[in-house]
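Each residue of the sequence shown is one higher than the one before, counting from 14 in my numbering.
For every residue, glycine included, the Cβ atom is placed at its ideal position computed from N, Cα and C.
Report on the structure given below.
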Amino acid sequence: LLLLTSQAIGQSRYIDSLFVPVVSQQGVVYGQADALNFPYFFETSTSQQDLEMDVYEPQGDVHTMRPCIVYAHGGAFLLGSRTDVPVVKFCNAMAAKGYVVVSMSYRLGFNFLDSASAERAVYRGIQDMKAAIRYVKDQSTSWGIDTSRVFAAGNSAGSIAAIHLLILMNRSEML
């Protein structure tokens, strides 16, 4: 009994897996924007795209002021999805630790023969991540999120969008 008690006391929220992760909502539309049409060669060939996210929450968590991670997938701004296996694994792992995790889609595509097109792809990713964070903060009450602890993250292209978003934000936007 003493051994079991010491293990329970030693567990730390946000570090150890204490909860069962659950996808509480899938395909939540957080915005709409013009996206390049495949094969991405012409910046003028666009169509409206729904920007969607999936919300992962820690099942059975009674806290209502949880930190949130807004996560963007990788794929060189050309490929990838919020439902890719590594993305889902990350989201489940973090939700099990007590975070609310949002896996967001962003607009893909750029003309790889044009460096200016690549820059615009990064900027679109930044815009979409900022819109996702804004939406998460608007939904904070229903998702149990502490708006002062919303973090941008991602892998590969998603991390580039997150880092550039931080660089471009001014201090008042971060608070």
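query, result
"Rounded C-alpha distance that separates Q72 from R79", "13 Å"
"For V42, the nearest candidate out of Q152, L178, I139, G88 (CA to CA)", "Q152"
"Close-in-space but distant-in-sequence residues of the same chain around G88 (CB under 6 Å, 5 per side omitted)", "A170"
"Presumed contact (8 Å Cβ cut-off) between V114 and I82, rounded CB distance", "5 Å"
"Which of helix, strand or coil DSSP assigns to F103", "helix"
"7 Å Cβ cutoff met for S60 and R95", "no"
"The stretch 158-177 contacting the stretch 122-138, beta-carbon criterion three pairs below 8 Å", "yes"
"Through-space distance from L64 to A144, alpha-carbon basis", "9 Å"
"Spatial neighbours of S58 in its chain, beta-carbon cut-off 8 Å, leaving aside the 5 residues before and after", "L49, N50"
"Where Y84 sits in the DSSP three-state scheme", "strand"
"Host alpha helix (DSSP H) of E70 (start-end)", "Unbroken run through E70 is the beta strand (DSSP E), 59-72; no alpha helix (DSSP H)."
"Sequence-distant residues of its chain with Cβ nearer than 7 Å to I180 (five each side left out)", "none"
"Euclidean distance between Cα positions of D102 and N168", "The question names Asp, yet the displayed sequence has Lys at residue 102. Each residue's alpha carbon lies about 13 Å from the other."
"Spatially closest choice to H86 from I158, D97, Y148, by CA coordinates", "D97"
"Runs of alpha helix (DSSP H) wholly within the stretch 100-185 (minimum 4 residues, chain order)", "128-151, 153-156, 170-181"
"Anticipated Cβ contact below 8 Å, C104 with Y148, distance rounded", "So it is not a contact: roughly 17 Å between Cβ atoms."
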